[in-house]
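Participant:
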Amino acid sequence: MGVLSDKEIIQLMGATPSLLEHLVDKNIQLQPAGVDLTLRDIFEFSSEGVIDFSNKQRIISDCRKIDFKGGFAHLEKGAYKVVYNETVRIPKDCIALAFPRSSLLRCGAFLQCAVWDPGYEGRSESLLIVSNPHGIKLAKDARLVQLVFFKLSKKSKSLYNGKYMAENTH
7 MGVLSDKEII QLMGATPSLL EHLVDKNIQL QPAGVDLTLR DIFEFSSEGV IDFSNKQRII
67 SDCRKIDFKG GFAHLEKGAY KVVYNETVRI PKDCIALAFP RSSLLRCGAF LQCAVWDPGY
127 EGRSESLLIV SNPHGIKLAK DARLVQLVFF KLSKKSKSLY NGKYMAENTH
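With the first letter of the sequence shown counted as 1, position 130 gets the number 136 in this note's numbering; the numbers rise by one all the way through.
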């Protein structure tokens, strides 16, 4: 039980199926207690969403993709959706949590992330909040969050089987 080390992450990356795929540069992204996820796409919200208890009335907000110009996207203050380059496969006995890189925080922006549940596979999304009144410029492939893997004290009774399984992988 505890946080997976870089050695354990490397070992799981060599397994079949691999813990992580599509890293931009494993040597730079691998951290002592996690791995940095990098920016693939940015979207701005273009409609409201609906959240209910049973998901029968759930409507996910529509989004418009923001283009990178000269390798960068300039974002005004506001909320955005980001998609990562990396495909993640969470082992049956782990969860993962993401934390914003400190450089992002120091520029006045942060990410909100949900729990990566046991059994989840996909190219995940997060909510990027730009609080800096002057905005922020993000480069394609910028390192945004550090994903930290936690070993469960016991294997979970069930695995993730929700709507977002295998998201952004096709």
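No residue lacks a Cβ here, since even glycine has one placed at the ideal position from N, Cα and C.
Can you tell me whether K32 is helix, strand or coil according to DSSP?
Facilitator: helix
Participant: Compare the Cα-Cα distances from D47 to each of A39, N91, S60 and report the closest residue.
Facilitator: N91
Participant: With a CB to CB cut of under 6 angstroms and the five nearest residues on each side skipped, what residues in its chain are close to L153?
Facilitator: G40, V41, L43, A102, A104
Participant: Tell me the rounded alpha-carbon separation between I96 and P139.
Facilitator: Answer to the nearest angstrom: the Cα atoms are 36 angstroms apart.
Participant: In whole angstroms, what is the alpha-carbon distance linking Q35 and R149?
Facilitator: 8 angstroms
Participant: In terms of alpha-carbon separation, which member of I66, G76, I142 lies closest to G55?
Facilitator: I66
Participant: Taking 8 angstroms as the cut-off, decide whether the C-beta atoms of F78 and A120 are in contact.
Facilitator: no
Participant: DSSP puts Q37 in a beta bridge; with which residues?
Facilitator: Paired residue(s): G40.
Participant: Whole angstroms are fine: how far does the CA of L26 sit from the CA of V151?
Facilitator: 14 angstroms
Participant: Counting only the same chain and skipping the five closest in sequence on each side, list residues whose C-beta sits under 6 angstroms from that of Y126.
Facilitator: I96, Y166
Participant: Going along the chain, which residues of its own chain have a beta-carbon closer than 7 angstroms to the beta-carbon of G84, five neighbours each way excluded?
Facilitator: Counting only Cβ-Cβ distances below 7 angstroms, and skipping sequence neighbours, we find V136.
Participant: Taking the C-alpha atoms as reference points, what is the distance between F155 and L10?
Facilitator: 6 angstroms
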